[in-house]
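2 protein chains.
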Amino acid sequence: MITLKDLAATLGVSVSTVSKALKDSPEISKDTIARVKEIAKELNYRPNTLALSLKNRKTKTIGVIIPDILNVFFARILYGIEQESTALGYNIITCLSNESFEKENNSLHLLANGSVDGFIMSIAEETQSNGEVKHLKETINQDVPIVMFDRVANDVECDKVIIDDFNAAFKGTEVLIKEGRKKIVLINSLGGLSVGKLRVLGYKKALEQHDSYTGEALVINIDSNEALLNDQLEKIITEHPDMDGLLCIDNVSGIMSVNIAQRLGRKIPKDLSVLGFSSDEISHLSYPQLSTVTQHAEEIGQQSVRMLVERLENKTKGHTTTATVDFTIELRGTTLPN
Amino acid sequence: MITLKDLAATLGVSVSTVSKALKDSPEISKDTIARVKEIAKELNYRPNTLALSLKNRKTKTIGVIIPDILNVFFARILYGIEQESTALGYNIITCLSNESFEKENNSLHLLANGSVDGFIMSIAEETQSNGEVKHLKETINQDVPIVMFDRVANDVECDKVIIDDFNAAFKGTEVLIKEGRKKIVLINSLGGLSVGKLRVLGYKKALEQHDSYTGEALVINIDSNEALLNDQLEKIITEHPDMDGLLCIDNVSGIMSVNIAQRLGRKIPKDLSVLGFSSDEISHLSYPQLSTVTQHAEEIGQQSVRMLVERLENKTKGHTTTATVDFTIELRGTTLPN
DNA sequence: AGCAAGATCTTTAAGCGTGATCATATTTTA
DNA sequence: TAAAATATGATCACGCTTAAAGATCTTGCT
């Protein structure tokens, strides 16, 4: 690695002269500046980011903690985070909590010592169901800000980026109601997560509020293990022959349900209307293509970065914000054309 | 942030005493060690990684460059990388090249200045098709080692982790041949990538070598844009009514083909046997579940980390290795049971 | 012309947080 | 009481920035 010292030595000047020359300081003569720059280029000098970070007490690096990178939703959020950070001149250190509290906790401690300027994270399932928040509060108290997205801890005071899950499910359910469906079922594989709970509430509220819907509300909880998903869904579809509307609130069960229902002889969307929750790319995997409540995952990521950087660079103390990112409902082939 | 200085001040001893005490130096009295440790714990002291990195000239951080995080294959590799790095005490800085040469190049330059000890990467499509290697060679020459996985640059001398793509396609094709299929088609959406080319070669070789196969080889190149995939596949399946074996060499077109073919009235696997290339989780999305040539993505990631760390810690100079990670063929529902 | 006061350019020194080496001070032992 | 053991402190270096000091050359004024 080439350092300022090396440049100084080859030119026979002092380190500080080189340093100043490289940033066009008016203190340094045009001539010297030119000479320094030339040799710097020739030797392919790059300032050592570590040294700069140490000096400036900031790293221009964001710690990102993702619960599950194999979930397209999170992968896409990471994509958004990466894009926006790069645009704003930040790097990201990515940690995968793998839904484990311990890993999440470790990552936080490992990086909250000057390695990153702040965190962007969605909390692990385990953390959420156990209601663990100490590690989060501690980090914030040490002046390392956190922005939480999607899965947030309500009793931690920090910036947040969420979807209006209640409303998303509400509007989604309305789509099915307005089609005149008589038995609309919600399949829930999100277990103890707050987002799942909110979606169930939105679904129930919509059914209640529309007099045109005369059926019952039926929420079926299933195991989220993907290997078991096919069998569970097949069982549900078989056991509910009169089901004509289906709301799947996770990424993949909508796709699977469409494929299974068709194999079992249901016409989609005629006999059964299916609405999933996910982003575009996965909806292509079924035929007809899955209609979805689309969460703008990329936007969630970008927004999170913007909020964190705002806080870092303007030193916004106190006063936290919660941003809600819009959802859209995209009707493709598994619901009736309107 | 709490520093050694802070601890020293509160205890009324010197910084070096604190530093030594924290690492149980025999130079320091039991008594002082205890006192230092107690207050360190109380104030929640964590050594500043940045300062350590600067001092030790190594960061214990790996730069990871991924072409496309929305591709499950890469997401899963990242998963493996993260697991193994954490296990070996390394952090990862993740950059997404998004298949662009420029982003790849930038990331490399941005981090190859002491920010990371080495890189693990798969080169961007653009980089590969243009045959750009200067940035890679430069990095290696600056003594920052690179491990490439999956998509590798043949004329760059570095450690590599690959799949035996030729053989994977060869064996996969053999499965279909042994079923007695008469018209086996390969659908290629991987365009200019080396892996795609190797798979096509393996397929052709298998067809040639088996006298029992009397049909032709037919490679159909398609656009990889997922939004267009459905239509393209439907067209292919419609136009080739006599096709009875299908090899899809990317992640998703196998799934789509199965769903489309069934909708068009083909019985799977009776009329048409389909074999995809992907990892487990995505194969669940079709019914019957897709039979696949499974690439052990996680293992590829882990192996890459092991090779890099080996080089970093043992200062293995010169002498590069290429590791081949096994593939397995997993017959699920879209091929005949054997 | 003579010389203080600027103007211009360069170097010195300190500090970011650590750890290693070397030096110093205090106590114990032979 | 000198030598050895014990405990602590001072200093430097990692690569960089920056305030302050130093050195050299111009300028302006009597």
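Sequence lines, in order, name chains A and B. Under this note's numbering, the first residue of the first sequence is numbered 1393, with each subsequent residue one higher. Under this note's numbering, the first residue of the second sequence is numbered 1393, with each subsequent residue one higher. From the three backbone atoms N, C-alpha and C, an ideal C-beta is built for every residue, glycine too.
Within the DSSP secondary-structure output, Thr1684(B) pairs in a beta bridge with Gly1668(B) and Glu1722(B). Sorting Glu1530(B), Lys1659(B), Lys1397(B) and Thr1409(B) by C-alpha distance to the C-alpha of Arg1438(B) places Lys1397(B) at the top. For Lys1415(A), the three-state secondary structure derived from DSSP is coil.
Between the stretch 1516-1531 of chain A and the stretch 1708-1727 of chain A, the count of Cβ pairs shorter than 8 Å is below three; the stretches do not touch. Among the residues of chain B, those whose CB is under 9 Å from the CB of His1676(A) are Glu1618, Ala1619, Leu1621, Asn1622, Val1644 and Met1648, following chain order. Of all residues in the stretch 1566-1589 of chain A, none is placed with a Cβ closer than 7 Å to any Cβ belonging to chain B.
Rounded to the nearest whole angstrom, the CA to CA distance from Phe1466(B) to Leu1620(B) is 22 Å. Val1405(B) is not a Cβ neighbour of Leu1414(B), given a cutoff of 8 Å. DSSP places Met1648(B) inside the alpha helix (DSSP H), whose first and last residues are Ser1645 to Arg1655. Approximately 5 Å separates the beta-carbon atoms of Met1699(B) and Asp1551(B); this is inside 8 Å, confirming the contact. If you check the CB distance, Thr1519(A) and Phe1493(A) come in under 8 Å.
Contact between the stretch 1559-1575 of chain B and the stretch 1660-1672 of chain B is present: three or more C-beta pairs spanning the two stretches fall below 8 Å. Remark: fewer than three beta-carbon pairs, one from each stretch, lie closer than 8 Å, so the stretch 1706-1714 of chain B and the stretch 1678-1698 of chain B are not flagged as touching. Looking from the CA of Gln1624(B), the closest CA among Gly1637(B), Asp1634(B) and Ser1649(B) belongs to Ser1649(B).
Chain-ordered listing is empty here: chain A has no CB closer than 7 Å to the CB of Thr1424(B), the nearest sitting near 23 Å. Between the alpha carbons of Ser1671(A) and Thr1684(A) lies a distance of about 8 Å.
Glu1690(A) and Arg1468(A) do touch by the CB rule: their CB atoms are close to 6 Å apart, below 8 Å. Taking a beta-carbon distance threshold of 8 Å, Met1393(B) counts as an interface residue toward chain A. Proximity of the stretch 1430-1444 of chain B to the stretch 1503-1518 of chain B falls short of the contact definition, fewer than three beta-carbon pairs being nearer than 8 Å. Linking Ser1445(B) to Lys1447(A) through their CA atoms gives a straight-line distance of about 13 Å. For the stretch 1504-1524 of chain B, the set of positions with a beta-carbon nearer than 9 Å to some beta-carbon of chain A reads Ala1504, Asn1505, Gly1506 and Ser1507 in chain order. In this structure, Leu1578(B) lies away from Tyr1605(B), with their beta-carbon atoms at least 8 Å apart. Nearest to Leu1593(A) by C-alpha distance, out of Asp1557(A), Gly1584(A) and Lys1575(A), is Asp1557(A).
The stretch 1501-1547 of chain A is shown to contain whole beta strand (DSSP E) runs of 3 or more residues at 1510-1513 and 1538-1541, in chain order. Here Ser1581(A) is buried: its Cβ has 16 or more other Cβ atoms, across all protein chains shown, within 10 Å.
Leaving aside the five residues that flank Glu1491(B) on each side, the residues in its chain whose CB is nearer than 7 Å to its CB run, in chain order, Pro1459, Asp1460, Ala1516, Glu1517 and Glu1518. Only residues of its own chain outside the window of five on either side were considered, and among them Ile1454, Val1456, Ile1484, Ile1512, Gly1693, Gln1694, Ser1696 and Val1697 have a CB closer than 8 Å to the CB of Ile1473(A), listed in chain order.
The C-beta distance from Ala1561(B) to Ile1641(B) rounds to 7 Å, short enough to fall under 8 Å. Here the alpha carbons of Arg1543(A) and Gly1588(A) stand approximately 10 Å from one another. Per DSSP, the unbroken alpha helix (DSSP H) holding Leu1700(B) starts and ends at Ala1689 to Asn1706. Asn1622(B) counts as buried, since at least 16 other C-beta atoms from the protein chains shown sit within 10 angstroms of its C-beta.
When the alpha-carbon of Arg1703(A) is set against those of Glu1608(A), Ile1532(A), Leu1639(A) and Asp1547(A), the nearest one is in Ile1532(A). Residues of the stretch 1407-1424 of chain B with a Cβ closer than 9 Å to any Cβ of chain A: none.
When DSSP states are grouped into helix, strand and coil, Ala1609(A) belongs to the coil group. In the DSSP assignment, the residues bridged to Ile1579(A) are Ile1612(A) and Cys1640(A). Residues Val1567, Leu1568, Glu1571, Pro1661, Ser1665, Val1666, Leu1667 and Ser1683 of the same chain have their beta carbon placed closer than 8 Å to that of Thr1727(B), with the five preceding and five following residues left out of the count.
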